Every structure is written in structure tokens, then in C-alpha cells.
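Trainee: Per the working numbering, the sequence shown runs over residues -14 to 76. For every residue, glycine included, the Cβ atom is placed at its ideal position computed from N, Cα and C. If you're wondering where the values come from, they're calculated on a predicted model, not measured in any experiment.
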Amino acid sequence: MKQGFVKVAAVTPKIVVADTKENTALICAEIKKAEKEGAKIIVLPELCITGYTCSDLFLQEKMLREARQSLLEIAAFTFALDCIVFVGLPL
């Protein structure tokens, strides 16, 4: 860190509504890109794992289970990276 500055990235990946697996892959790709560009804090949108407009799908246990699984996959992906990542999901 030079002169007290930290590089922060606000990342907005292309999201596929209700497709947590595709969204996880897109999110991880954007995280890796931002980290390679030197970002130490990476912030993604609210509900980026599921998409914002899922409506009644947020009430289905399958959707919530897949979102939690995606969070674990993103956590595992970022474990060895030198940055802090914020993602959103319906918990």
C-alpha cells in the first residue's frame, strides 16, 4: 500500500436471472480480473448471485440452497487472493 491508498473496484458482471452456476462463473472471472488490476477491495451488486428480479423464486428453498452453495464456491475461489470481496445473495 502506497501513501495510505487502497484500490477499490465496483464490479458489475453480466448476470443471468436465477442461474446461480453461471453467475458464479461470471462473478469469479470479474473478481480475478479486478484482483489482477490491483484491487484490494472488490464490491459486487446486491443479489448478484441470483439476480435481482427473481421475485417468487426467492421463496423456493432450491434457489436459496443454490445461492448458499455459490457463496461457498466464491469463498473457496477467493481464499488465496490478496483482496476482500463483497457479494450479495438472498439470505
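#1: Quick check on the burial criterion: 16 or more other C-beta atoms within 10 angstroms. Buried or exposed for E51?
#2: Between the alpha carbons of I34 and C13, how many angstroms are there, rounded?
#3: Taking only three categories from DSSP, how would you classify A(-6)?
#4: Expressed to the nearest angstrom, what Euclidean distance is found between the alpha-carbon atoms of K18 and L42?
#5: With F71 as the anchor, note down where its alpha helix (DSSP H) starts and where it stops.
#6: Kindly indicate which residue of M48, E46 and G73 has the alpha-carbon position closest to the one of I59.
Mentor: Taking the definition as stated:
#1: buried
#2: 11 angstroms
#3: strand
#4: 30 angstroms
#5: From DSSP, F71 is part of no alpha helix (DSSP H) but of the beta strand (DSSP E) over I69 to F71.
#6: G73
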